[in-house]
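Notes to accompany the following structure.
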Amino acid sequence: MTVVGDGQSTITELLRKDKRSILQLPVLKKSYGNELSTILQVGEKRVLVPYGNHVRGAKFVDASNLIDDKLTHTIDAICSRVKGFYFGRLDIRFNSWEELKQGKNISIIELNGAGSEPTHMYDPKHSIIFAWAEIIRHWNILWEISRINHHQRQLPYMKISSGFEMFRQNKAYVKMISEDLKQTA
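Remember, the working numbering sits 87 above the position in the sequence shown when you count from 1.
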């Protein structure tokens with residue numbers, strides 16, 4: 088999350104002008120304290136949160152129209168080096184689309200597996216119907232990859248009991264994290 092100064096408003100006032108940023112104000116006050124009273128010069132940028140996620144009010148932008156053969160080849164080359172990774176999402180930090188397409192000067196922030204969400208569906212320009220359709224498309228692709236892996240690579244389907252166990256472990260993990268967050272808040 089970045090704010091840009093107007094030469095008059097404090098960082099707090101700049102945050103209050105943005106419907107996404109204002110939701111982060113309580114957390115940012117704890118992190119930055121009186122620094123939020125600073126008035127930034129016109130055009131001066133201040134990075135307050137250097138990463139984006141749902142909780143931190145990130146704006147997700149659908150740039151799938153920029154996918155081409157070169158980018159697909161680069162991402163496939165990266166993913167093929169991860170044993171057992173056939174479907175998922177990479178969260179990547181990069182400087183430019185050209186460098187990303189070449190696989191240069193990139194940082195993989197996170198590798199998300201088959202249960203990951205197609206985050207482009209959260210672009211504000213998309214409707215809820217679009218998001219639902221993307222989730223269905225996402226699961227259809229996952230199913231097709233699973234079938235291919237089962238038939239061509241002889242990879243077994245996950246047993247239902249294993250799936251329930253993973254779900255139970257995830258639920259316990261989320262509960263633990265939630266309790267930790269309550270204690271630090």
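Positions of the beta carbon are idealized from the N, C-alpha and C atoms, including for glycine.
Count the other CB atoms within 10 Å of the CB of residue i; is the residue buried (16 or more) or exposed (fewer)?
i: Met263; result: exposed
i: Met253; result: exposed
i: Leu101; result: buried
For residue i and residue j, what's the separation of their Cα atoms in angstroms?
i: Cys166; j: Ala201; result: 13 Å
i: Thr159; j: Tyr244; result: 27 Å
i: Asp93; j: Asp105; result: 14 Å
i: Val90; j: Ala145; result: 13 Å
i: Lys246; j: Gly190; result: 37 Å
i: Ile195; j: Asp178; result: 6 Å
i: Lys117; j: Arg103; result: 16 Å
i: Arg133; j: Ser108; result: 13 Å
Select from the options the residue whose C-alpha is nearest the C-alpha of residue i.
i: Val148; options: Met208, Glu231 and Leu242; result: Met208
i: Ala150; options: Leu242, Ser183, Val91 and Ile196; result: Ser183
i: Leu115; options: Asn192, Val136 and Pro211; result: Val136
i: Ile222; options: Ile196, Thr206, Tyr119 and Ile232; result: Thr206
Between which two residues does the alpha helix (DSSP H) containing residue i stretch?
i: Val90; result: Looking at the DSSP string, Val90 is not in any alpha helix (DSSP H); the run it does join, the beta strand (DSSP E), is Thr89 to Val91.
i: Phe217; result: Ile215 to Gln239
i: Ser187; result: One detail in the question is off: residue 187 reads as Leu in this sequence, not Ser. Where Leu187 is concerned, the enclosing alpha helix (DSSP H) stretches over Trp184 to Gln189.
Can you give me the start and stop residues for the beta strand (DSSP E) that residue i sits inside?
i: Ile162; result: Where Ile162 is concerned, there is no enclosing beta strand (DSSP E), although the alpha helix (DSSP H) it sits in stretches over Asp156 to Cys166.
i: Ile109; result: Where Ile109 is concerned, there is no enclosing beta strand (DSSP E), given that its DSSP letter is neither H nor E.
i: Glu197; result: Ile193 to Asn199
i: Ile179; result: Arg176 to Phe181
i: Val134; result: Lys132 to Val134
Fill in: the segment 114–129 in contact with the segment 92–100 per 3-pair CB rule at 8 Å
yes
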